[in-house]
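K.L.:
Under mature numbering (1 follows the signal peptide of the UniProt record, and there is no 0), the letters of the sequence shown match residues -24 to -1, 1 to 303, in that order.
Cβ coordinates follow ideal geometry from the N, Cα and C atoms, glycine included.
Questions regarding the structure given below will be posed in turn.
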Amino acid sequence: MFKPSLFCMALFCMPLIGPGVAAASPADYPNRPIRLIVNFSPAGPLDIGARAIAMAASELLGQTIVVENRPGASGNIGAKAVAKAEPDGYTLLMTLDTLMTVNPHVFKDLAEEVTQSLEPLSVAGSFGLALTVRADLGVTTVEDFVRYAKANAVTYSSAGYGSPGNLAFEKLNLALGLDIAHAPFRGSAGAVNALLGNQIQAGFLAASAVQPHVRAGTMRALAISSREPDPDLPGVPAMANLGMAPLKDFEAAFAFLIMAPKGLPPHIAQKWEETLAAVYARPAFQKSIASLGMRAPFAGRVEAKKWVETRAGSWGEVIAKAGIKGE
């Protein structure tokens, strides 16, 4: 009587344990916890926004989303961890858009290794900055500030080289022919405190961060860098609406992006697009993110890719002309 060998039995069983079983169906995702890496330090706006998204998305997906902070190298360290991860939807990145629009011009070798291996899934809100000065300068408008800066030595603070505040101010310098010196700090809190401590005279700073000081009369906000005024600073005009010819097209807007390793399966990318759209539509989420100074757009993959593409070129020009270099 014929008895099949173990080898034959193994061959017979292979289809039952092969690719058809190993490959998860679209309905199976997600079936384990997801990591959302934040490439900046805890407790900042990016981290707080990521945790708000993770909490809401966890409820919708029925899986835990663990937020993990990996700061350093202007966001490149955390981004590199995601770029090297499997494109299976279980490791995602929450980042400032400068990772994609600025870092490739500033950290060429490191950034190329990272940015070419990532793809944007969503714009998780955008924000502008307030051109803010010390109240004791005695200037109340941008025109006043320009006259003051041309007659006096002025220094501005930012959260570091290549940060939004650095970029916005150098764009202003180029537009108005100013030569205002830069004092970089490690983080936005340091930049705000330098202004409060009379170490510097000005800065493009987050509206939500300077609002209490503007109300207290210790700082004065002159204009907003994005196209629209900021609700946190009512009455403060957008830079492009001042009626100054060199600033008629001025815009310095930034965004939070959710990204994935390149090659994410289409059904998983679609799952995240639908999930994030539902998160952004929640009133509780909108309230929490508004407290961070985040505004529209909250958008999907197509808009996220367009955001990156349109801003990468314009910031590249500013970086080259201003000679901005990485730390």
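(1) With burial defined as no fewer than 16 other Cβ atoms inside 10 Å of the residue's Cβ, what is the status of Pro140: buried or exposed?
(2) Give every residue of the same chain whose Cβ lies closer than 6 angstroms to the Cβ of Glu285, excluding the five residues on either side of it in the sequence, and list them in chain order.
(3) In the DSSP output, which residue or residues are listed as bridge partners for Glu44?
(4) Can you tell me which of the three DSSP states Met235 falls into?
(5) Check whether the Cβ atoms of Leu72 and Leu22 lie closer than 8 angstroms to each other.
(6) Which class does Met270 belong to by DSSP, given the choice of helix, strand or coil?
(7) What residues in its chain sit with their C-beta under 6 angstroms from that of Gly292, if we drop five residues either side in the sequence?
(8) Thinking Ala55 and Phe274 are a contact (beta carbons under 8 angstroms), I'd like their distance in whole angstroms, please.
(9) Looking only at C-alpha atoms, which of Glu95, Met31, Asp64, Gly302 sits nearest to Lys282?
(10) Let me confirm a value: Ala296 is counted as buried when at least 16 other C-beta atoms fall within 10 Å, else exposed. Which label applies?
(11) Please confirm if the region 219 to 239 is in contact with the region 132 to 147, defined as three or more CB-CB distances below 8 angstroms between the two stretches.
(12) Can you list, in chain order, the residues of its chain whose CB lies under 6 angstroms from that of Leu107, leaving out five sequence neighbours each side?
(13) Answer yes or no: does any C-beta atom of chain C fall closer than 8 angstroms to that of Gly114?
(14) By how many angstroms is the C-alpha of Arg162 removed from the C-alpha of Ser134?
(15) For His243, count neighbouring C-beta atoms within 10 Å of its own C-beta (all shown protein chains included) and say buried if the count is 16 or more, exposed if not.
(16) Which same chain residues end up closer than 6 angstroms to Pro160 when comparing Cβ atoms and leaving out the 5 residues on each side of it in sequence?
(17) Per DSSP, which one or two residues make a beta bridge with Pro96?
(18) According to DSSP, is Val82 helix, strand or coil?
(19) Specify the secondary structure class of Phe161 as computed by DSSP and reduced to three states.
(20) Which residue or residues does DSSP assign as beta-bridge partners of Ile90?
(21) With three or more C-beta pairs closer than 8 angstroms as the rule, is the region 188 to 197 touching the region 110 to 121?
(22) Under a Cβ-count criterion, where at least 16 other Cβ atoms within 10 Å of its own Cβ denotes burial, should Thr251 be classed as buried or exposed?
(23) To test your reading of the DSSP string, which unbroken beta strand (DSSP E) runs of 3 or more residues are found completely within the region 103 to 161?
(24) Can you give me the start and stop residues for the alpha helix (DSSP H) that Ala245 sits inside?
(25) Which of helix, strand or coil does DSSP assign to Thr194?
(26) Would Pro222 be called buried (16 or more neighbouring beta carbons within 10 Å of its own) or exposed?
(27) Might you give, ordered along the chain, the residues of its own chain that have their beta carbon closer than 7 angstroms to the beta carbon of Ile300, omitting 5 neighbours on each side?
(28) With Leu181 as the anchor, note down where its beta strand (DSSP E) starts and where it stops.
(29) Tell me whether Gly211 sits in a helix, a strand or coil according to DSSP, three-state version.
(30) How should Arg287 be labelled, buried or exposed, when 16 other C-beta atoms within 10 angstroms of its C-beta is the threshold for buried?
P.N.:
Short version:
(1) When all chains shown are included, Pro140 counts as buried.
(2) Hits under 6 angstroms: none found.
(3) Note: Glu44 sits in a beta bridge opposite Ile13.
(4) Correct three-state label for Met235: strand.
(5) Yes, these two residues count as a Cβ contact at 8 angstroms.
(6) Correct three-state label for Met270: coil.
(7) The beta carbon of Gly292 is closer than 6 angstroms to those of His81 in its chain, skipping five residues each way along the sequence.
(8) The C-beta distance from Ala55 to Phe274 rounds to 21 angstroms, too long to fall under 8 angstroms, and the pair is not in contact.
(9) The option with the nearest alpha carbon to Lys282 is Glu95.
(10) Ala296 comes out exposed.
(11) Verdict: yes, contact present.
(12) Contacts found: Phe180, Leu198, Ala199.
(13) The chain labelled as chain C is not found in the depicted structure, where only one protein chain is given.
(14) Linking Ser134 to Arg162 through their CA atoms gives a straight-line distance of about 8 angstroms.
(15) By the neighbour-count rule (16 or more Cβ atoms within 10 Å), His243 is not buried but exposed.
(16) Around Pro160: Ser134, Gly136, Tyr137.
(17) Beta-bridge pairing by DSSP links Pro96 to Met235.
(18) Helix.
(19) In the three-state reduction of the DSSP assignment, Phe161 falls in the coil class, being assigned neither a helical nor a strand state.
(20) Ile is not the amino acid found at residue 90; the sequence shown has Val there. DSSP links Val90 through a beta bridge to no other residue.
(21) Verdict: yes, contact present.
(22) Of the residues assessed, Thr251 falls on the buried side of the cut-off, its CB having 16 or more other CB atoms within 10 angstroms.
(23) Listed in chain order, the complete beta strand (DSSP E) runs (minimum 3 residues) inside the region 103 to 161 are 105 to 110, 131 to 134, 157 to 160.
(24) That run of the alpha helix (DSSP H) goes 242 to 256.
(25) Three-state result, Thr194: coil.
(26) Exposed, by the Cβ-count rule.
(27) Counting only Cβ-Cβ distances below 7 angstroms, and skipping sequence neighbours, we find Val82, Tyr137, Gly138, Asn142, Glu146.
(28) Unbroken beta strand (DSSP E) run through Leu181: 178 to 182.
(29) Looking at Gly211 - three-state DSSP - the assignment turns out to be coil, as it is neither helix nor strand.
(30) A residue is called buried when at least 16 other Cβ atoms come within 10 angstroms of its Cβ; Arg287 meets this threshold and is buried.
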